[in-house]
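Below is one structure, written out as structure tokens, with a few remarks after it.
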Amino acid sequence: MSYRGYAQSMVRQQTAVLPVDPENPGTCLCGHPADYVIETNWFSGRRSRDPVCEPHVDEVVRGIAKKNAARNGGA
Numbered sequence: 000m001s002y003r004g005y006a007q008s009m010v011r012q013q014t015a016v017l018p019v020d021p022e023n024p025g026t027c028l029c030g031h032p033a034d035y036v037i038e039t040n041w042f043s044g045r046r047s048r049d050p051v052c053e054p055h056v057d058e059v060v061r062g063i064a065k066k067n068a069a070r071n072g073g074a
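Residue numbers for the sequence shown follow numbering that gives the first Met the number 0, so the first one is 0 and each next one is one higher.
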């Protein structure tokens, strides 16, 4: 599955999947070059920008959504 074609994907209006900046690509936690940056605005006011390779985008977005749901009283 490719994430090209949509520059921004919103999950609960708090998480955005953006193409990586070629000037500052970053590295995924797995060690591969990042393809995307996942921006998250947490309820505490903290903001994170995590570089992620394409194979890990879905996993990271699902993890963030799960964490937000737990904080909101969901499962």
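Quick reminder that beta carbons are idealized off the backbone N, C-alpha and C, glycines included. No experiment lies behind these values; they were computed from the predicted model shown.
Opening and closing residue of the beta strand (DSSP E) in which residue 33 lies: Counting from 1 along the sequence shown, the entry for residue 33 is found at position 34. No beta strand (DSSP E) contains residue 33, which DSSP labels as neither H nor E.
Relative to the C-alpha of residue 22, which residue among 53, 71 and 35 is closest? Residue 22 sits at position 23 when you count from the first residue of the sequence shown. Comparing Cα positions, the closest option is 35.
Go ahead and label residue 3 buried or exposed: buried means 16 or more other beta carbons lie within 10 angstroms of its beta carbon, across all protein chains shown. Taking the first residue of the sequence shown as 1, we reach residue 3 at position 4. Reliability fails at residue 3, whose pLDDT of 47 lies under 50, so the model's placement of it is uncertain and the value that follows must be treated cautiously. Label assigned to residue 3: exposed.
Cβ-based burial, residue 79 [other Cβ within 10 Å; buried from 16]: Only positions 0 to 74 of the chain appear in the structure, and residue 79 is not among them; the question remains open.
Residues sharing a beta bridge with residue 28, DSSP: The sequence position of residue 28 within the sequence shown is 29, counting from 1. The partner list for residue 28 (beta bridge, DSSP) is empty, contrary to what the question assumes.
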